[in-house]
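Take the sequence shown: its letters are residues 9 to 108, numbered as in my numbering.
All C-beta atoms, glycine included, are put in the ideal place defined by N, C-alpha and C.
Keep in mind it's a predicted model, so treat the numbers as computed, not measured.
A quick write-up on the structure given underneath.
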Amino acid sequence: MKTFRTFRLASKFYKLCRALPLKGTMRDQLLRAASSIALNLAEGRGKSSLKDQRRFFHIALGSLRECQAIFILEELEESPAYKVLDSLGAHLYRLIQNMQ
Numbered sequence: 009m010k011t012f013r014t015f016r017l018a019s020k021f022y023k024l025c026r027a028l029p030l031k032g033t034m035r036d037q038l039l040r041a042a043s044s045i046a047l048n049l050a051e052g053r054g055k056s057s058l059k060d061q062r063r064f065f066h067i068a069l070g071s072l073r074e075c076q077a078i079f080i081l082e083e084l085e086e087s088p089a090y091k092v093l094d095s096l097g098a099h100l101y102r103l104i105q106n107m108q
């Protein structure tokens, strides 16, 4: 996983999310979605078929979109974590496109 750049970005994003000033259910939901990105990338990377890999990467992309929505709702688009999320989204999108 250490050489999988998209996973490294997902890991960095998760760590940044843990430091955000959110409380309660929105914080819990963000951390679940952020961890889902990294976990689905890892699981997808371990699959032998491209079809299975794409499926897990698409799930990760869905979790990424969920994180984007939380950042917008909580007005956190100026945070460093959102910038990493934006970069992560671009990497993940390219990863999926290159598999087709």
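Reduced DSSP secondary structure (H/G/I, E/B, other) of residue i
| i | result |
| --- | --- |
| Ser19 | helix |
| Lys31 | coil |
| Phe12 | coil |
| Pro108 | A small correction: the amino acid at residue 108 is Gln; Pro does not occupy that position in the sequence shown. Looking at Gln108 - three-state DSSP - the assignment turns out to be coil, as it is neither helix nor strand. |
Endpoints, the alpha helix (DSSP H) within which residue i is located
| i | result |
| --- | --- |
| Lys55 | Premise fails: Lys55 is in no alpha helix (DSSP H) and is neither H nor E. |
| Leu84 | No alpha helix (DSSP H) contains Leu84, which DSSP labels as neither H nor E. |
Cβ separation of residue i and residue j, assumed to be a contact under 8 angstroms, to the nearest whole Å
| i | j | result |
| --- | --- | --- |
| Leu81 | Gly97 | 17 angstroms between Cβ atoms; not a contact. |
| Ser87 | Leu17 | 15 angstroms between Cβ atoms; not a contact. |
Residue j beta carbon less than 8 angstroms from that of residue i
| i | j | result |
| --- | --- | --- |
| Ala77 | Phe21 | no |
| Gln61 | Gly52 | yes |
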